[in-house]
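What follows is a set of notes on a single structure, which appears directly below.
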Amino acid sequence: MSNKMPVINIMGPTASGKTALACELYERGEYEIISVDSALIYRDMDIGSAKPSKAEQERYPHHLIDIISPLEVYSAAQFVEDATRLIDEIHARGKTPILVGGTMLYFKALLEGLATNLPNASPDVRQEIEANAALNGWESVFEELKRVDPVAGEKFKVSDRQRIIRALEVFKLTGKPITQLQAEQPKQLSYRYNYHNYALVPDRLELHNRIEIRLKNMWDIGFLSEVEYLIEKYDLNENLPSARSVGYRQALDFLTNSDRSHKSKQDMEDKSLFATRQLAKRQYTWLRSLQEVHSMQNFLTIKQAQEDLRNLHG
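Counting the sequence shown from 1 gives a position; this note's numbering is that position plus 9.
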């Protein structure tokens with residue numbers, strides 16, 4: 010019997026029902042919820058991130074929601090630091106933490122640790138990279154990355170702008186490829202907790218249907234008005250990590266670069282649907298990768314998860 014403190018991880022693609030499952034467990038009174046979502050961290054980004062409503066958050070409090078403005082940057086390392094602090098605080102209160110979300114990089118960082126031999130971010134270097142992209146295009150920047158770090162070039166796509174920026178930033182600061190530094194860093198597995206890993210993995214067609222319904226609801230309740238507000242309040246632009254979240258990226262492009270015609274709006278909605286489905290596909294890929302290393306129980310439906318977790322004890 011392990012004497013390590015328990016942590017419940019509930020993972021899954023977008024719209025799979027993770028939050029509803031976590032909230033049901035919360036009702037038992039012995040758990041607290043920590044969000045593992047790189048979009049929910051931003052204040053005022055509510056509709057497009059499918060953030061729990063204020064009423065839902067009052068009933069089911071979530072840690073790590075609304076912690077920074079859309080102008081700020083938040084890393085996986087910051088998540089691990091915040092999450093482990095919260096996990097320890099929750100355990101000290103005699104409860105069990107439930108970590109729920111779809112940002113698999115955060116889960117991977119928590120479960121496996123992060124390389125500690127990488128330099129901190131450099132605003133000057135990042136500005137230089139983004140200026141090069143604005144002048145010569147992201148294809149040119151991606152070609153530069155492939156020259157200095159072929160391994161990263163094989164792993165990344167030209168659309169992975171944040172990863173490209175970070176990889177080039179590390180090379181410019183150290184003279185070494187980020188993939189080399191990561192390989193040289195021994196894995197620092199977290200042995201502090203006893204992780205119970207669960208994944209909601211609905212049938213793809215069912216998930217696609219849920220995504221379509223969720224997006225339609227977003228448009229109906231005023232998602233575009235939310236993005237207009239963000240542009241006005243924060244001068245939201247495509248260079249901010251927050252604006253690259255699926256849905257926000259397409260809405261921002263529509264509002265700032267299109268004629269706002271009915272056709273352009275329909276194109277934007279179609280692009281958002283496609284991008285969200287692609288996000289879900291990447292999340293499935295991440296899950297398979299994590300399952301190769303970590304013990305994990307899969308559920309095809311929320312009902313199955315509810316039945317299997319009914320007798321769950323931290």
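All C-beta atoms in this analysis are idealised placements derived from N, C-alpha and C, irrespective of residue type, glycine included.
Three-state class that DSSP yields for residue i in the structure shown
i      : result
Thr105 : strand
Ser254 : coil
Met305 : coil
Met10  : At Met10 the pLDDT is 45, less than 50, meaning the model places this residue with poor confidence; the figure from the coordinates comes in the next sentence. Here Met10 sits in coil by DSSP.
Gly323 : Low confidence applies to Gly323: its pLDDT is 46, below 50, so where it sits in the model is not reliable, and the reading given next is rough at best. DSSP places Gly323 in coil when its eight states are reduced to three.
Asn18  : strand
Leu49  : coil
Ala29  : helix
Glu36  : coil
Tyr4   : With the chain represented from 10 up to 323, any question about residue 4 goes unanswered, as that position is not in the structure.
Glu81  : coil
6 angstroms CB neighbourhood of residue i in its chain, flanking five on each side removed
i      : result
Lys181 : Val134
Gly162 : Leu154 and Lys155
Arg52  : Asp75 and Ser78
Gln306 : Tyr207
Pick from the options that is closest to residue i, judged by C-alpha positions
i      : options                           : result
Thr188 : Pro159, Gln171, Ser168 and Gln66  : Pro159
Ser251 : Asn18, Leu30, Ser84 and Tyr35     : Ser84
Arg68  : Ala29, Gln87 and Lys166           : Ala29
Arg346 : Arg102, Lys272 and Ser281         : This structure leaves residue 346 out entirely; the chain is present only between 10 and 323.
Val236 : Arg201, Gly57, Glu65 and Leu108   : Gly57
Ser25  : Glu221, Val255, Ser267 and Leu209 : Leu209
Glu178 : Ala192, Ala130, Ile222 and Trp147 : Ala130
Leu214 : Pro22, Asn18 and Ile17            : Pro22
Ala31  : Trp295, Pro70, Arg269 and Gln300  : Pro70
Met54  : Lys242, Ser149, Asn145 and Pro211 : Lys242
Contacting residues, own chain, Cβ-Cβ under 8 angstroms from residue i (five flanking each side not counted)
i      : result
Arg258 : Glu247, Ala252 and Ala284
Spatial neighbours of residue i in its chain, beta-carbon cut-off 7 angstroms, leaving aside the 5 residues before and after
i      : result
Asp276 : none
Lys274 : Phe263
| message | I want to know whether the segment 90-100 touches the segment 70-79 - three or more CB-CB distances under 8 angstroms. | response | Taking a contact to require three or more Cβ pairs closer than 8 angstroms, the segment 90-100 and the segment 70-79 qualify as touching.
| said: Across the segment 304-317 and the segment 279-291, are there enough close Cβ pairs to call them in contact, namely three or more that are closer than 8 angstroms? | reply: The answer is no - the segment 279-291 does not touch the segment 304-317, with fewer than three Cβ pairs under 8 angstroms.
| query | Per the contact definition of three or more C-beta pairs closer than 8 angstroms, is the segment 164-183 in contact with the segment 123-140? | reply | With three or more CB-CB distances shorter than 8 angstroms, the segment 123-140 counts as touching the segment 164-183.
| request: Quick one: which unbroken beta strand (DSSP E) runs of 3-plus residues sit fully inside the segment 90-170? Chain order, please. | output: Scanning the segment 90-170 for uninterrupted beta strand (DSSP E) segments of 3 residues or longer gives 105-110, listed from N- to C-terminal end.
| message | I want to know whether the segment 104-120 touches the segment 214-222 - three or more CB-CB distances under 8 angstroms. | response | Touching, no.
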